[in-house]
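Those letters in the sequence shown? Residues 502 to 651, per my numbering, in order.
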Amino acid sequence: MCAAIFLASAALLFMFADRAFAQSGAELEATIRAAVLSDPRSAEMTEADVDAIVSVLVTEAIEHDVSAEDITWRPEVPAPWSETADQPGAACSYGALLCALNDAFGFSDSFLLIPLLLAITSAILLFVIGSILLHHHGHHAFAGNLRREE
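This is how it looks when you write it as structure tokens:
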């Protein structure tokens, strides 16, 4: 009984996977064809040349697991700092130094919890390392020797 259910579900999976692949292949071909035809140099080519180029590119795209969304994807360009710095609360509602540090560490959001936690944990780490060194060496930078000599 379990084997029959497994075989039936595997057969359905292969049927639907093939159908989904055919749809994505057609979408990929349409995307590549649109990209090729958007090039001004394609006006000089015949329809057979365009079909040949599209079929080769579709084959390469399938081999490299490139989808139609990968081809049409465009990165979002963030607003320049000069535009967002003057708007209160738009980019960063804290001081300019904290916002600059936030930007420098790659945290582009105005949510400063992560950079503040990083600063607090670094201060704690420096305190712990200093305490270990002070305990190990017994000499303070300002107070001098902390060990009693008898």
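All C-beta atoms, glycine included, are put in the ideal place defined by N, C-alpha and C.
Assuming Val555 and Arg534 are in contact, meaning their beta carbons sit under 8 angstroms apart, how far apart are those beta carbons, in whole angstroms?
Contact annotation, Val555 with Arg534: C-beta distance approximately 5 angstroms; criterion of less than 8 angstroms satisfied.
Hey, could you find the ends of the alpha helix (DSSP H) Thr547 is sitting in?
No alpha helix (DSSP H) holds Thr547; DSSP gives it neither H nor E.
Roughly how many whole angstroms lie between the Cα atoms of Ser632 and Leu626?
10 angstroms
For Ala527, the nearest candidate out of Val551, Leu538, Val559 (CA to CA)
Val559
What is the DSSP secondary structure of Phe606, reduced to helix, strand or coil?
Coil.
If you follow the alpha helix (DSSP H) that Glu577 is in, where does it begin and where does it stop?
Careful: Glu577 lies outside any alpha helix (DSSP H) and carries neither H nor E.
Using the Cβ count rule (16 or more neighbours within 10 Å means buried), how would you classify Leu529?
buried
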